[in-house]
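Working notes for the structure below.
There are 2 protein chains.
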Amino acid sequence: MTPRNPRQPSDRSPAPRSRKPTMADVAAELGVSRALVSLVFRDQPGASPETRERVFEAAARLGYKPDMAARLLARGRSKVLGVLFTARNPHHVDLVEAIYPTAEELGYDLVLSAAVPSRDEHKAIEALVGHRSEALLLCGPTISEEDIADLGARLPVVVLGRHLKAAPVDIVTSYDRPGAREVVDHLVALGHRDIAHVDGGSRPGAPERRRAYRDAMRFHGLADRIRIIPGNHTEEGGQDAARGMLASDEALPTAVFASNDQCAIGLLDVFTRAGVKIPEQVSIVGYDDSHIAGLSHIDLTTVRQDVPRLARLAVEAADEQLRGVREPGATLKLESKLVVRGTSGPPTQR
Amino acid sequence: MTPRNPRQPSDRSPAPRSRKPTMADVAAELGVSRALVSLVFRDQPGASPETRERVFEAAARLGYKPDMAARLLARGRSKVLGVLFTARNPHHVDLVEAIYPTAEELGYDLVLSAAVPSRDEHKAIEALVGHRSEALLLCGPTISEEDIADLGARLPVVVLGRHLKAAPVDIVTSYDRPGAREVVDHLVALGHRDIAHVDGGSRPGAPERRRAYRDAMRFHGLADRIRIIPGNHTEEGGQDAARGMLASDEALPTAVFASNDQCAIGLLDVFTRAGVKIPEQVSIVGYDDSHIAGLSHIDLTTVRQDVPRLARLAVEAADEQLRGVREPGATLKLESKLVVRGTSGPPTQR
DNA sequence: TAGCTCTACTAGCGCGCTCTAGTAGCGCGC
DNA sequence: GCGCGCTACTAGAGCGCGCTAGTAGAGCTA
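Protein sequences, first through last, are from chains A and B.
Heads up: the first sequence at position 2 corresponds to 566 in the working numbering, and the numbers run straight through without jumps.
Heads up: the second sequence at position 63 corresponds to 627 in the working numbering, and the numbers run straight through without jumps.
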């Protein structure tokens with residue numbers, strides 16, 4: 565952390581933990597002006613190499629660290645991007661991981677705010693704005709389109725993984741339809757006809773996936789087998805849907821396409837516990853290819869989104885809006901593709 | 565988001581996105597002083613109810629939101645807690661979720677910083693300090709004890725889920741030994757004797773769990789069966805360990821106790837793919853009871869830590885340090901307990 | 001020597017807010 | 001009529017930094 569400093573051992577202070585040193589302290593220590601220290605820390609020309617050296621040395625000795633809040637306040641641009649994500653959603657976590665490198669590359673700092681059950685997205689977003697985010701990256705926001713539009717009128721906003729009709733914000737997402745279409749094609753090719761879809765209600769991406777499922781079923785002449793079961797994008801949603809299917813009078817479908825991986829995992833959970841063999845009795849396909857789908861023994865067939873590119877495009881879109889090189893309102897879509905793993909297979913004859 | 569405002573519809577501006585309004589704008593709008601507006605927004609006495617009303621109304625009309633950075637800068641106390649966590653670690657995510665409510669209750673705002681592969685803990689911590697965190701909550705930090713001590717000398721630090729010898733920081737964690745002991749007791753009671761431990765190297769909590777495993781094995785007269793396989797706290801670590809065991813000349817143990825859930829999931833993954841039946845051929849037990857262990861069809865036997873209390877105690881500890889009612893250096897330990905699920909069972913005779 | 005340029009620095013305002021120390025105005029009792 | 005206390009408000013100094021406009025001094029010409 566701080567450079568090793570024998571003169572001020574860290575165990576010296578059980579108590580005082582004196583005021584954080586400021587730039588002025590460093591300047592005073594060296595008998596120079598604050599501005600000089602500022603120059604050095606911003607890596608601006610105007611200081612001799614020896615002076616730079618001395619400034620860094622003194623700063624390290626005093627334990628000085630630049631204060632972001634003051635820095636943000638003083639300079640017009642804060643170079644901070646606010647990122648909203650859902651803590652429980654592994655796909656969001658993947659996105660956050662992927663956002664860091666590009667942000668760093670373009671010189672942005674990141675402030676994260678998690679939407680968790682006890683703290684809704686509105687609060688999380690207010691926190692981001694309050695902390696001087698110049699622009700917001702929203703991972704699969706569930707707030708209303710109107711709210712997003714209002715937000716977009718206040719500052720640059722990039723929405724990841726959700727379609728919007730007419731908000732003044734950038735949108736970076738995957739084509740949901742080809743992905744969902746591929747899922748149905750794959751299942752049909754395996755011999756399935758009773759393919760149900762556990763949807764995600766109005767969650768980001770869900771309406772498009774539902775529509776694509778319907779279209780694909782019709783395309784394959786399976787319009788009469790269309791079966792949409794209400795769900796959401798959490799494990800609980802998948803569990804509830806699975807319980808509903810098990811309790812229902814109708815026969816189980818031979819394949820279930822879930823609106824996202826978490827939902828699929830919920831399905832897997834309940835089906836497995838109930839003794840339903842996966843994929844022998846029921847094939848299950850998810851959506852997102854979050855790291856969990858591939859790594860664990862879940863081994864879920866799913867649709868992979870190009871997370872690194874998604875993240876890069878989102879950060880770049882925010883940057884472009886901030887630099888004013890482009891009006892907001894762009895929509896970028898990436899290809900996604902089916903990843904076949906162990907939870908899908910041919911249906912067994914009954 | 566912003567209160568609905570018919571006079572300035574959000575679609576009015578494709579372009580200007582004019583400067584964010586400040587407190588001075590609100591004050592000018594009403595013909596009052598900035599200080600008054602400040603009072604109202606801080607909910608301090610000294611303004612009449614009617615004035616408060618007018619201030620809020622004007623603020624809403626202008627779309628004013630208080631600027632945290634300036635607020636933090638201006639007041640001594642920032643009331644911001646910095647939280648370091650590992651994005652991929654579901655147990656950390658659980659902790660973050662649990663920290664929010666208590667923080668809010670005590671009037672703290674949270675700034676999150678994720679350690680991800682491309683961005684190590686040092687950077688993540690610097691970001692937190694730079695954003696004026698008054699105190700730091702570190703979820704299972706892997707940086708050196710010395711670095712943590714240095715950090716603790718600069719500001720209040722609470723470490724979650726890791727033991728430290730003599731750093732001037734608070735520690736909130738679970739008793740690892742009784743938990744690990746319970747695991748071994750459970751497995752022995754089921755009839756296991758060849759119980760291996762995939763450890764977590766020097767990761768937080770790992771040394772204690774390893775030691776507890778050893779002690780428990782000795783207690784049960786199984787000293788000669790002690791088998792410790794190096795691992796770490798990621799899925800990859802578990803996968804590598806499992807591959808190593810499968811490739812080894814030695815027979816597989818009948819039970820494996822992993823140092824955390826992710827590692828256990830990695831084991832599950834590789835064993836399952838290799839056709840090893842869980843728990844018939846090998847029982848697997850994890851540690852943490854992250855939401856993933858119970859929710860998915862992973863159904864992992866594991867050791868539950870009391871996450872809500874852990875989180876509450878950590879925030880309270882930070883608060884106490886900040887209020888100066890107590891010297892840093894306290895260690896709080898909570899009970900943890902075995903949760904038996906589907907990955908552990910009696911060994912089959914060979 | 002004056003005049004120029006260039007490097008290496010400094011003075012001081014302002015970012016949006018908080019907070020201390022006030023003041024203006026009012027009703028009150030004596 | 002005067003001081004008193006109270007409510008409702010204001011002036012203005014800072015918080016730690018960035019940044020613009022400046023200056024002192026060295027080196028160089030002519």
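Positions of the beta carbon are idealized from the N, C-alpha and C atoms, including for glycine.
* To do: Kindly give me the distance between the Cβ atoms of residue 789/B and residue 757/B, rounded to whole angstroms, as I take these residues to be in contact under 8 angstroms.
  => Here the question's residue 789/B lines up with position 225 in the second sequence. Here the question's residue 757/B lines up with position 193 in the second sequence. Contact holds; Cβ gap of about 6 angstroms.
* Starting from the C-beta of residue 741/A, find all residues in its chain whose C-beta is less than 7 angstroms away, skip the five residues before and the five after it, and write them out in chain order. => On the first sequence, position 177 is the one that residue 741/A refers to. Only 772, 776 meet the Cβ criterion.
* **Any alpha helix (DSSP H) of 4 or more consecutive residues that is wholly inside the segment 671-745 of chain B** => Within the segment 671-745 of chain B, the runs of alpha helix (DSSP H) at least 4 residues long that lie entirely inside it are, in chain order, 685-694, 709-718.
* Identified DSSP bridge partners for residue 666/B -> Mapped onto the second sequence, residue 666/B falls at position 102. DSSP, once it has assigned bridges, lists no residue as partnering residue 666/B.
* To do: Determine, using beta carbons only, whether residue 696/B and residue 631/A come nearer to each other than 9 angstroms.
  => Taking the first residue of the second sequence as 1, we reach residue 696/B at position 132. Taking the first residue of the first sequence as 1, we reach residue 631/A at position 67. Yes, the pair counts as a contact, with Cβ atoms nearer than the cut-off.
* Asked: Going straight from the alpha carbon of residue 698/A to that of residue 583/B, what length do you get?
  -> Within the first sequence, the letter at position 134 stands for residue 698/A. Within the second sequence, the letter at position 19 stands for residue 583/B. Inter-residue distance for residue 698/A and residue 583/B is about 12 angstroms (C-alpha atoms, whole angstroms).
* So with Cβ pairs under 9 angstroms, would you call residue 862/A a contact of chain B? -> Locating residue 862/A in the first sequence gives position 298, where the first residue counts as 1. Yes, contact with chain B.
* To do: Go to residue 646/A, then tell me how far its beta strand (DSSP E) extends in each direction, as first and last residue.
  => On the first sequence, position 82 is the one that residue 646/A refers to. Per DSSP, residue 646/A belongs to the beta strand (DSSP E) from 644-650.
* To do: Note the first and the last residue of the continuous alpha helix (DSSP H) segment covering residue 602/B.
  => Position 38 of the second sequence, counted from the start, is the residue given in the question as residue 602/B. Where residue 602/B is concerned, the enclosing alpha helix (DSSP H) stretches over 598-606.
* To do: Spell out a yes or no on whether the segment 724-743 of chain A and the segment 813-822 of chain A are touching, meaning 3 or more CB-CB pairs, one atom from each, closer than 8 angstroms.
  => no
* Evaluate contact between the segment 661-672 of chain A and the segment 837-844 of chain A, counting only Cβ atoms and requiring at least three cross-stretch pairs below 8 angstroms. => no
* Asked: Cα separation between residue 595/B and residue 607/B?
  -> Your numbering for residue 595/B matches position 31 in the second sequence. Your numbering for residue 607/B matches position 43 in the second sequence. Going by the C-alpha atoms only, they are around 20 angstroms apart.
* Simplified DSSP state of residue 822/B, which is helix, strand or coil -> For the purposes of this step, residue 822/B is identified with residue 258 of the second sequence, where counting begins at 1. Strand at residue 822/B.
* To do: Please determine, among 855/B, 832/B, 841/B, the residue with the shortest C-alpha to C-alpha distance to residue 849/B.
  => Walking along the second sequence from the start, residue 849/B turns up at place 285. Answer by Cα proximity: 832/B.
* Asked: Is the segment 872-890 of chain B touching the segment 841-848 of chain B in the sense that three or more CB pairs, one from each, lie closer than 8 angstroms?
  -> Segments in contact, no.
* Answer with yes or no whether the minimum CB distance from residue 683/B to chain A is below 9 angstroms. => As a working note, residue 683/B is residue 119 in the second sequence. Taking Cβ atoms only, chain A reaches closer than 9 angstroms to residue 683/B, which makes this a yes.
* Asked: Can you tell me the Cα-Cα spacing of residue 638/A and residue 585/A, whole angstroms?
  -> Counting from one through the first sequence, the residue named residue 638/A turns up at place 74. Counting from one through the first sequence, the residue named residue 585/A turns up at place 21. One C-alpha to the other measures close to 18 angstroms.
* Separation of residue 825/B from residue 797/B, as counted between CA atoms -> Against the second sequence, residue 797/B aligns to sequence position 233. Against the second sequence, residue 825/B aligns to sequence position 261. In a straight line, the C-alpha of residue 797/B is about 8 angstroms away from that of residue 825/B.
* To do: Measure the alpha-carbon distance for residue 903/B versus residue 866/B and round it to whole angstroms.
  => Locating residue 903/B in the second sequence gives position 339, where the first residue counts as 1. Locating residue 866/B in the second sequence gives position 302, where the first residue counts as 1. For residue 903/B and residue 866/B, the distance between alpha carbons rounds to 5 angstroms.
* Asked: Excluding five sequence neighbours on each side, which residues of the same chain lie with their C-beta closer than 7 angstroms to the C-beta of residue 778/B?
  -> Numbered from its first residue, the second sequence carries residue 778/B at position 214. Counting only Cβ-Cβ distances below 7 angstroms, and skipping sequence neighbours, we find 790.
* **Limits of the unbroken alpha helix (DSSP H) element including residue 635/A** => The residue labelled residue 635/A in the question sits at position 71 within the first sequence. Residue 635/A: member of the alpha helix (DSSP H) spanning 632-638, first to last residue.
* To do: State the start and end residues of the unbroken beta strand (DSSP E) segment that holds residue 866/B.
  => Indexing the second sequence from 1 puts residue 866/B at position 302. 866-869 is the span of the beta strand (DSSP E), which, as asked, contains residue 866/B.
* Burial state of residue 686/A (16 or more Cβ within 10 Å) -> The residue given as residue 686/A occupies position 122 in the first sequence. Counting Cβ neighbours within 10 Å, residue 686/A comes out exposed, since fewer than 16 surround it.
* To do: Return the first residue and the last residue of the beta strand (DSSP E) that residue 787/B is part of.
  => Within the second sequence, numbered from 1, the residue matching residue 787/B stands at position 223. Counting along the chain, residue 787/B falls outside any beta strand (DSSP E), and DSSP gives it neither H nor E.
* According to the neighbour-count rule (16 or more other Cβ atoms, all chains shown, within 10 Å of its Cβ), is residue 613/B buried or exposed? -> The sequence position of residue 613/B within the second sequence is 49, counting from 1. Residue 613/B is exposed by the Cβ-count criterion.
* To do: Compare the C-beta of residue 651/B with all C-beta atoms of chain A and state if any pair is closer than 9 angstroms.
  => Your numbering for residue 651/B matches position 87 in the second sequence. Cβ-Cβ to chain A under 9 angstroms: yes for residue 651/B.
* **Minimum C-alpha distance to residue 564/A - residue among 851/A, 815/A, 813/A, 755/A** => Because chain A spans 565 through 914 in this model, residue 564/A falls outside it and cannot be assessed.
* To do: Step through the CB atoms of chain B and report whether any lies within less than 9 angstroms of the CB of residue 856/A.
  => Mapped onto the first sequence, residue 856/A falls at position 292. By this cut-off, residue 856/A is an interface position.
* Secondary structure at residue 856/B, three-state DSSP: helix, strand or coil? -> Stepping through the second sequence from its first residue, residue 856/B is reached at position 292. In this structure, residue 856/B counts as helix in the three-state DSSP scheme.
* Got a sec: is the Cβ-Cβ distance from residue 642/B to anything in chain A below 9 angstroms? -> Within the second sequence, numbered from 1, the residue matching residue 642/B stands at position 78. Chain A, which has a Cβ nearer than 9 angstroms to the Cβ of residue 642/B, makes this yes.
* To do: Output the boundary residues of the alpha helix (DSSP H) element that contains residue 919/B.
  => Residue 919/B is absent from the model: chain B starts at 565 and stops at 914.
* To do: Measure the beta-carbon distance from residue 745/B to residue 763/B and round it to whole angstroms, keeping in mind my assumption that it falls under 8 angstroms.
  => To locate residue 745/B, count along the second sequence from 1; it is residue 181. To locate residue 763/B, count along the second sequence from 1; it is residue 199. Between residue 763/B and residue 745/B the Cβ distance is about 16 angstroms, and since that is not below 8 angstroms, they are no contact.
* Going along chain A, which residues have a C-beta under 8 angstroms from residue 587/B? -> By one-based count along the second sequence, residue 587/B stands at place 23. What residue 587/B touches in chain A: nothing, since even the nearest Cβ is about 13 angstroms away.
* Quick one: using the 10 Å Cβ neighbour count with 16 as the cut-off for buried, is residue 802/B buried or exposed? => The count along the second sequence starts at 1 and reaches residue 802/B at position 238. So residue 802/B counts as buried.
* Asked: Could one say the Cβ of residue 766/A lies closer than 9 angstroms to chain B's Cβ atoms, at least one of them?
  -> In the first sequence, the residue the question calls residue 766/A occupies position 202. Taking Cβ atoms only, chain B never reaches closer than 9 angstroms to residue 766/A, which makes this a no.
* Asked: Any C-beta of chain B sitting closer than 9 angstroms to the C-beta of residue 632/A?
  -> Stepping through the first sequence from its first residue, residue 632/A is reached at position 68. Yes, contact with chain B.
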